[in-house]
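> I'd like to ask you about the structure that follows.
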Amino acid sequence: MDRATVLRAGAALVATAAFVGSGSYVVAHPKNDAAPLQPPAGSPLTLRSPAPSATPTPARTGSATAPPRITVAPGVRPTELPGITFTHVS
Amino acid sequence: MESRVFTALGGECELYGIDVGVGALEQGEAWVLGMHDRLTRFETSSELSRFNAAAGGWTAVSPELAALLRESLRAFVVSDGLVNIAILPGLLAAGYTRDFDAGPTARTAPPRIPPLPDVLELRAGEGRLAPGSAIDLGGIAKGWMADRLAERLGDNALVNLCGDLYARGGGETGEGWPVGFGDRTLLLKDLGAATSGTAKRSWEGGHHLIDPRTALPAKTDLREVSVLASTAADAEIYAKVALLLGSNDAPAWLAPRSSGWALT
């Protein structure tokens with residue numbers, strides 16, 4: 005065999021090995037929805053308070069645990085659109 | 398839609414406009430920043446601080462400050478005396494003597510808060526505070542400025558100054574500007590909105606909302622009130638009154654005045 009043929013055969017062998025190898029890996033590692041997150045997301049050890057910000061972001065009105073009691077005149081319509089801004093305590 | 402967000406008046410300010418040039422929004426920002434410098438009580442060189450320091454004598458006031466002082470007198474009447482910019486001595490006695498980030502100072506005995514018309518006089522180009530009185534324009538200025546700036550920005554603009562906002566025109570769809578109000582989003586068209594509350598700018602044993610009847614931080618069963626009204630200035634007044642009245646009396650007071658409210 006000449007040198008070119010050897011190189012072609014080598015390249016084909018590497019490509020085939022990569023194809024077969026990656027396919028085997030995927031088959032051997034199916035997605036498992038029940039697999040635990042690593043590290044555990046619920047672990048108290050991983051919970052951290054957000055870092056303090058120099059410019060606090062205003063909290064959206066009504067974000068407290070108790071929902072606000074809202075009364076709105078008939079002429080003012082609600083929408084499913086996201087608000088571009090909101091009223092809040094300053 | 399063009400927009401601009403910046404920090405002034407102790408919080409975040411947002412300007413939105415349809416068919417409004419970027420230059421107009423930049424001018425709007427410059428106007429807000431200029432008014433901030435004019436009205437802050439934390440700078441001794443501000444026009445407000447100089448006005449307070451000159452209590453007892455007639456002092457020249459700018460057209461802007463004169464307009465805000467007239468608005469404050471109107472707010473006193475509209476609110477049956479519950480919105481009174483002369484509460485500054487009470488705010489100082491409660492410990493809010495410096496920029497909030499610097500923390501409160503020691504509390505002192507609450508002073509008596511006089512009715513605003515008893516201590517503030519206006520005449521052409523001049524104003525006078527009674528000796529010993531001092532004012533804090535607080536939310537009155539934000540609502541009033543939101544109304545003025547929205548008007549300056551054209552027929553389709555929204556101005557939100559630290560939560561006090563005015564939505565002018567119908568926004569992008571023509572049906573109204575989508576604005577978060579309580580736990581929902583409403584379409585606001587030619588309406589103002591404002592929120593008053595005790596949770597923010599609070600510290601151990603106190604908060605920034607002084608009840609002029611007691612000169613002490615307000616005792617109320619409401620934590621926060623948001624209100625819709627025909628102007629941001631009125632919304633600010635109504636929200637503060639509702640908060641001071643509490644959950645039992647606020648709805649009846651708001652019903653003939655407001656287009657909507659959220660009580661928390």
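Chains as they are written, first to last, in this note's numbering: chain A, 5 to 94; chain B, 398 to 661.
Even for Gly, the Cβ is constructed at its ideal location relative to N, Cα and C.
No experiment lies behind these values; they were computed from the predicted model shown.
1. Taking C-beta to C-beta, are proline 507(B) and alanine 527(B) nearer than 8 Å?
2. In whole angstroms, give me the CA-to-CA distance for proline 60(A) and leucine 640(B).
3. Quick check on DSSP: helix, strand or coil for glutamate 417(B)?
4. To the nearest angstrom, report how far apart alanine 554(B) and alanine 452(B) are at their CA atoms.
5. What would DSSP say about alanine 45(A), mapped onto helix, strand or coil?
6. Give me the Cβ distance between leucine 513(B) and serine 469(B), rounded to the nearest whole Å; I'm assuming they're in contact under 8 Å.
7. Could you tell me whether any Cβ in chain B is nearer than 8 Å to the Cβ of alanine 16(A)?
8. What did DSSP end up calling alanine 33(A) once you bin it into helix, strand or coil?
9. Report all residues from its chain with a CB closer than 7 Å to the CB of arginine 620(B); omit the five preceding and five following residues, and keep chain order.
10. List the residues of chain B that serine 77(A) touches, going by C-beta distances under 9 Å, in chain order.
11. Per DSSP, what kind of secondary structure is histidine 92(A) in: helix, strand or coil?
12. Under 9 Å Cβ-Cβ, which residues of chain B neighbour proline 86(A)?
13. With distance defined between alpha-carbon atoms, name the residue in Met542(B), Trp574(B) and Ala405(B) nearest to proline 86(A).
14. Using a C-beta to C-beta distance shorter than 8 Å, which residues of chain A count as neighbours of proline 648(B)?
15. What is the rounded straight-line gap between the Cα of serine 94(A) and the Cα of valine 76(A)?
16. Determine whether the Cβ of threonine 592(B) lies closer than 8 Å to any Cβ atom of chain A.
17. Rounded to a whole number of angstroms, what is the C-alpha to C-alpha distance between leucine 465(B) and isoleucine 482(B)?
18. Using alpha carbons as the reference points, say which of Asn645(B), Ile415(B), Gly492(B) and Asp496(B) lies closest to glycine 408(B).
19. Note down, one range per segment and in chain order, each alpha helix (DSSP H) of at least 4 residues found wholly within the segment 447-487 of chain B.
20. Could you tell me how far apart the beta carbons of aspartate 544(B) and threonine 628(B) are, in whole angstroms, since I believe they sit closer than 8 Å?
21. Leaving aside the five residues before and after alanine 503(B) along the sequence, list all residues of the same chain whose C-beta is less than 7 Å from its C-beta, in chain order.
22. Starting from the N-terminal side, write out each stretch of the beta strand (DSSP E) that is 3 residues or longer and does not extend beyond the segment 560-604 of chain B.
23. What runs of the beta strand (DSSP E), each 3 residues or longer, lie entirely inside the segment 485-526 of chain B?
24. Buried or exposed: alanine 521(B), going by 16 or more other Cβ atoms within 10 Å of its Cβ?
25. Between Phe439(B), Ser400(B), Lys586(B) and Thr404(B), which lies nearest to leucine 421(B) when the distance is taken from Cα to Cα?
26. For the beta strand (DSSP E) holding valine 624(B), just list the boundary residues, first then last.
27. Just tell me which of Phe578(B), Arg610(B) and Ile607(B) has its CA closest to the CA of tryptophan 658(B).
28. At a CB-CB cut-off below 8 Å, which residues of chain C make contact with valine 31(A)?
Judging by the given coordinates:
1. Taking 8 Å as the cut-off, the beta carbon of proline 507(B) is found no closer than this to the beta carbon of alanine 527(B).
2. Low confidence applies to proline 60(A): its pLDDT is 43, below 50, so where it sits in the model is not reliable enough to give any reading.
3. Looking at the sequence shown, residue 417(B) is not glutamate but valine. Collapsing the DSSP output to three states places valine 417(B) in coil.
4. 38 Å
5. Interpretation of alanine 45(A) is limited by its pLDDT of 46, a score under 50 that renders its predicted location unreliable; no figure is taken from the coordinates.
6. 7 Å
7. no
8. The sequence shown places histidine at residue 33(A), rather than the alanine named in the question. Reduced to three states, the DSSP call for histidine 33(A) is coil.
9. Gly594, Thr595, Ala596 and Thr661
10. Rather than serine, the amino acid found at residue 77(A) in this sequence is alanine. Going along chain B in sequence order, the residues near alanine 77(A) (Cβ under 9 Å) are Leu625, Ser655, Ser656 and Gly657.
11. Collapsing the DSSP output to three states places histidine 92(A) in coil.
12. Pro575, Gly577 and Thr582
13. Trp574(B)
14. Thr75
15. 22 Å
16. yes
17. 10 Å
18. Asp496(B)
19. 460-475
20. 5 Å
21. Gly492
22. For the segment 560-604 of chain B, whole beta strand (DSSP E) runs of length 3 or above, ordered along the chain, are 561-565, 574-578, 581-585 and 588-594.
23. 517-520 and 523-526
24. exposed
25. For the record, residue 421(B) in the displayed sequence is alanine; it is not leucine. Taking alanine 421(B) as reference, the option from Phe439(B), Ser400(B), Lys586(B) and Thr404(B) with the minimal CA-CA separation is Ser400(B).
26. 621-626
27. Phe578(B)
28. Among the protein chains of the structure shown, namely A and B, there is no chain C.
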